[in-house]
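Asker:
Residue numbers (the working numbering): 372 to 474.
#1: Applying the criterion that 16 or more other CB atoms from any shown protein chain within 10 Å of the CB defines a buried residue, is residue 470 buried or exposed?
#2: Based on the DSSP output, what are the partners of residue 389 in its beta bridges?
#3: Does the beta-carbon distance from residue 426 to residue 378 come in below 7 angstroms?
#4: What distance in whole Å lies between the Cβ atoms of residue 400 and residue 435, which are believed to be in contact at a cut-off of 8 angstroms?
#5: Flag this pair as touching only if the stretch 403 to 420 and the stretch 456 to 464 have three or more C-beta atom pairs under 8 angstroms; answer yes or no.
#6: Check whether the Cβ atoms of residue 406 and residue 374 sit closer than 7 angstroms, and answer yes or no.
#7: Can you give me the Cβ contacts of residue 422 inside the same chain, cut-off strictly under 6 angstroms, excluding the 5 residues immediately before and after it?
#8: Could you tell me the boundaries of the beta strand (DSSP E) in which residue 438 lies?
#9: On the DSSP letters alone, give me the boundaries of the beta strand (DSSP E) that residue 465 sits inside.
#10: Looking only at its own chain, which residues have a Cβ that is under 6 angstroms from the Cβ of residue 446, when we skip the five neighbours before and after it?
Set out below in structure tokens:
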């Protein structure tokens, strides 16, 4: 079984291994930059799963692959027989990162 870690970024938690490619909420970094995730919740290695205070000194490094925008999501409201309808679109800004190391 390969080593993995659980990190938190953008208010969400992700289970990552070395070499994984993730689409996460936008980070202020350019393509090719190396970033570090310090908020590690759990890490699994050769000695089992570590959680709590023992993972506070660990970090996960990643390389920014690209900045992009996700698909358009539409929200539609309507009240029947009242002539009321509203349509709103939203596109989330995302960052694609590749996990380079668990330390």
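Glycine residues also receive a C-beta, built at the ideal position from the N, C-alpha and C atoms.
Answerer: On the basis of the data shown:
#1: Along the chain shown, read from residue 1 onward, the residue named residue 470 stands at position 99. Buried: at least 16 other Cβ atoms inside 10 Å.
#2: Counted from its first residue, the chain shown places residue 389 at position 18. None; residue 389 has no bridge partner.
#3: Looking up residue 426 in the chain shown gives position 55. Looking up residue 378 in the chain shown gives position 7. Cβ distance not < 7 angstroms, so residue 426 and residue 378 don't count as in contact.
#4: As a position in the chain shown, residue 435 is number 64, starting the count at 1. As a position in the chain shown, residue 400 is number 29, starting the count at 1. Correct: roughly 5 angstroms between the Cβ atoms.
#5: no
#6: Here residue 406 corresponds to residue number 35 of the chain shown, with the count starting at 1. Here residue 374 corresponds to residue number 3 of the chain shown, with the count starting at 1. Their beta carbons are not under 7 angstroms apart, which means residue 406 does not touch residue 374 by this criterion.
#7: One-based indexing of the chain shown puts residue 422 at position 51. Correct list, in chain order: 413.
#8: Here residue 438 is taken as the residue at index 67 of the chain shown, counted from 1. Where residue 438 is concerned, the enclosing beta strand (DSSP E) stretches over 431 to 440.
#9: Position 94 of the chain shown, counting from 1, holds the residue named residue 465. Unbroken beta strand (DSSP E) run through residue 465: 464 to 473.
#10: Numbered from its first residue, the chain shown carries residue 446 at position 75. Once the five neighbours on either side are set aside, the close Cβ partners of residue 446 are 459.
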